[in-house]
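Inspection log for the structure reproduced underneath, given as structure tokens.
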Amino acid sequence: MRPILLQGHERSLTQIKFNKEGDLLFSCSKDHVINVWFAHNGERLGTYEGHNGAVWTVDIDSQSRFMVTGSADNTLRLWSVQTGKCLYWWEFPTAVKRVAWSEDDQQVVCITEQRMGHSSAVRIFNIDREGDGTNQSKEPGSMFNPIGSKATLCSFAHVPNLILMGHESGKVALFDAKTGDEVLNNERAHMDVVTDLQLSPDRSYFITSSKDKTARLHETKTLTVLKTYTTETPLNSAAIAPGKPYVLLGGGQDAMSVTTTSARQGKFETRFWHKVFEEEVGRVKGHFGPVNTWILTAVFNSIAISPKGDSYASGGEDGFVRVHHFDESYFRAKPYGDLEIEE
Amino acid sequence: EDAAEESNISAELIAHRKRLVDEWNAWRKRVKAEVAEERKLLGEKVEPEAEKEAEEKEEIE
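So the protein sequences, as listed, match chains A and B. Just so you know, we're using our numbering here: the first sequence kicks off at 506 and counts up by one. Just so you know, we're using our numbering here: the second sequence kicks off at 43 and counts up by one.
Following this line, the structure appears as structure tokens:
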């Protein structure tokens, strides 16, 4: 499974996302731009320019028509996927750390950073999909300030008007989108910063990764922890594989600590874990080139799996996106026999 | 003896995994049904409102 290396960013990747069909891959970076690539061959289809700061987050609607992005320039932007034009933007007092579309493409949720006397805020915008998309309302449909520890991750939960959040303290929580009330929380979902949160296709469960070196699977409705995957490095990202009972975990030490540890200790891999058995089933090394030359090592900041389940991608601290197409052995492999596992 | 022990362990492990899969599948079935039901209820709540709005709009026009 040799990866395709996508070269087009000058700085560290922050988030990568496939569209619903899995034919396009979107990547955003500290270099202020968002790129879109053909997933099958890694060819760059286009670049979205306009942000004046690191782009922290990206999400694409289910029709691949509109894209939203959030940036350190304190703006949330709405783009036309096809033309590359920025259709509308909203400005806030602090950086936008995470954006996500609702399941019906009618709403966008975003979270802004807590900084310099500004508390973190969650805003939900109703997106006008009529016409060319430039006619948006400036004011959010609703807004609230999540209580307690700094919130950094947000998504729509399994039912409308419920927002799922991840916090720096390790907490995960559900908030009512309209009232801003915390409906339910798990204060000790993780022991350290929650770094990623990705939902299953029907949103009934989700995976989180954390600096506490674990990833966990949770039931959305109750926030019950279903499974725990314990590794030996801080994790930056985790994803649920469609069609196979696996979860993918990515991470590694940051560049600072790499210089003080040996290459052997610096583990830069995507790990495949069995979703149900909580056992590691495989690893993909985070380097590119001949096997015996360690050309690049990268901390993986973001992992995404194609909704088709035929490939996955990782976005690295080194500015490269790697797309891995699963080979036949991946689909054939049944490491634990013929047990049928429900999606 | 070793072989016997090994096959014992593997039989235990297989049984353990089978149990985990059964638990998972039972949970998936329950949750899928719950989510479908919740969405149906929400849909019923949302639709009459949407229809009402549409009617009002027509009157204005």
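Yeah, the Cβ is synthetic: ideal placement off N, Cα and C, and Gly gets one too.
Alpha helix (DSSP H) segment containing residue i, residue limits
| i | result |
| --- | --- |
| A/Tyr841 | No alpha helix (DSSP H) holds A/Tyr841; DSSP gives it neither H nor E. |
Minimum Cβ-Cβ distance from residue i to chain A less than 7 Å
| i | result |
| --- | --- |
| B/Asn50 | no |
| B/Leu62 | yes |
| B/Arg72 | no |
| B/Glu79 | no |
| B/Ala53 | no |
Any chain B beta carbon closer than 7 Å to residue i
| i | result |
| --- | --- |
| A/Ser647 | no |
| A/Asp832 | no |
| A/Val664 | yes |
| A/Ser709 | yes |
| A/Tyr734 | no |
| A/Arg769 | Interpretation of A/Arg769 is limited by its pLDDT of 40, a score under 50 that renders its predicted location unreliable; no figure is taken from the coordinates. |
| A/Asn797 | Residue placement at A/Asn797 is poorly supported in this model, since its pLDDT is 30, which falls under 50; the coordinates still yield a value, given next. So, not an interface residue. |
Neighbour-count burial assignment, residue i, 16 or more Cβ in a 10 Å radius
| i | result |
| --- | --- |
| A/Asp609 | exposed |
| A/Ala768 | With a pLDDT of 43 at A/Ala768, under the threshold of 50, the modelled position of this residue cannot be trusted; read the value that follows with caution. Exposed. |
| A/Ala600 | buried |
| A/Gly756 | buried |
| A/Gln568 | exposed |
| A/Ser762 | For A/Ser762, the predicted structure reports a pLDDT of 46, less than 50, and the residue's modelled location is therefore unreliable. A value from the coordinates is still provided. Result: exposed. |
| A/Thr729 | exposed |
| B/Ile51 | exposed |
| B/Gly29 | Any question about residue 29 of chain B goes unanswered here, given that chain B covers just 43 to 103. |
| A/Glu774 | buried |
| A/Val677 | buried |
| A/Ala818 | buried |
| A/Asp637 | exposed |
| A/Val752 | buried |
| A/Lys683 | exposed |
| A/Asp832 | exposed |
| B/Ala75 | exposed |
| B/Ala53 | exposed |
| B/Lys60 | exposed |
| A/Val586 | buried |
8 Å contact criterion, which residue i and residue j should meet: CB distance rounded
| i | j | result |
| --- | --- | --- |
| B/Val77 | A/Ile846 | Actually they are not in contact, since the Cβ atoms of B/Val77 and A/Ile846 sit about 18 Å apart, beyond 8 Å. |
| A/Asp681 | A/Asp697 | Not quite, the Cβ-Cβ distance comes to about 27 Å (not below 8 Å), so this is no contact. |
| A/His830 | A/Asp815 | 6 Å |
| A/Val613 | A/Val573 | 5 Å |
| A/Gly867 | A/Arg603 | No answer is possible for residue 867 of chain A: the residues shown for chain A start at 506 and end at 848. |
| A/Gly820 | A/Gln520 | 7 Å |
| A/Pro747 | A/Pro812 | 6 Å |
| A/Thr719 | A/Thr736 | 7 Å |
| A/His514 | A/Asn540 | 7 Å |
| A/Ile808 | A/Ser742 | 4 Å |
Residue span of the beta strand (DSSP E) that contains residue i, given as start and end
| i | result |
| --- | --- |
| A/Phe543 | Ile539 to Phe543 |
| A/Gln641 | Unbroken run through A/Gln641: none, as it is neither H nor E. |
| A/Thr738 | Neither: A/Thr738 is in no beta strand (DSSP E) and is coded neither H nor E. |
| A/Gln612 | Gln612 to Thr617 |
| A/Ser714 | Tyr710 to Ser715 |
| A/Lys602 | Val601 to Trp606 |
| A/His514 | Here A/His514 belongs to no beta strand (DSSP E), and DSSP marks it neither H nor E. |
| A/Ile565 | Val560 to Ile565 |
| A/Thr727 | Here A/Thr727 belongs to no beta strand (DSSP E), and DSSP marks it neither H nor E. |
| A/Phe782 | No beta strand (DSSP E) contains A/Phe782, which DSSP labels as neither H nor E. |
| A/His672 | Leu667 to His672 |
| A/His556 | Careful: A/His556 lies outside any beta strand (DSSP E) and carries neither H nor E. |
| A/Gly755 | Tyr751 to Gly756 |
| A/Ser660 | Ala656 to Phe661 |
| A/Met621 | Counting along the chain, A/Met621 falls outside any beta strand (DSSP E), and DSSP gives it neither H nor E. |
| A/Arg827 | Val826 to His830 |
| A/Arg582 | Thr580 to Ser585 |
| A/Ala818 | Ser816 to Gly821 |
| A/Gly575 | Phe571 to Ser576 |
| A/Ser647 | Ser647 to Phe649 |
| A/Asp681 | Val677 to Asp681 |
Contact set between residue i and chain D, taken where Cβ atoms lie within less than 9 Å
| i | result |
| --- | --- |
| A/Glu724 | Absence of chain D from the displayed structure is noted, the protein chains being A and B. |
For the stretch 834-848 of chain A, enumerate the residues whose C-beta is nearer than 9 Å to any C-beta of chain B, in chain order.
Taking 9 Å as the cut-off between beta carbons, the residues of the stretch 834-848 of chain A near chain B are Tyr841, Gly842, Leu844, Glu845, Ile846, Glu847 and Glu848, in sequence order.
Name, going along the chain, the residues of the stretch 772-788 of chain A whose beta-carbon falls closer than 7 Å to a beta-carbon of chain B.
Within the stretch 772-788 of chain A, the residues whose Cβ lies closer than 7 Å to some Cβ of chain B are Val781 and Phe782, listed in chain order.
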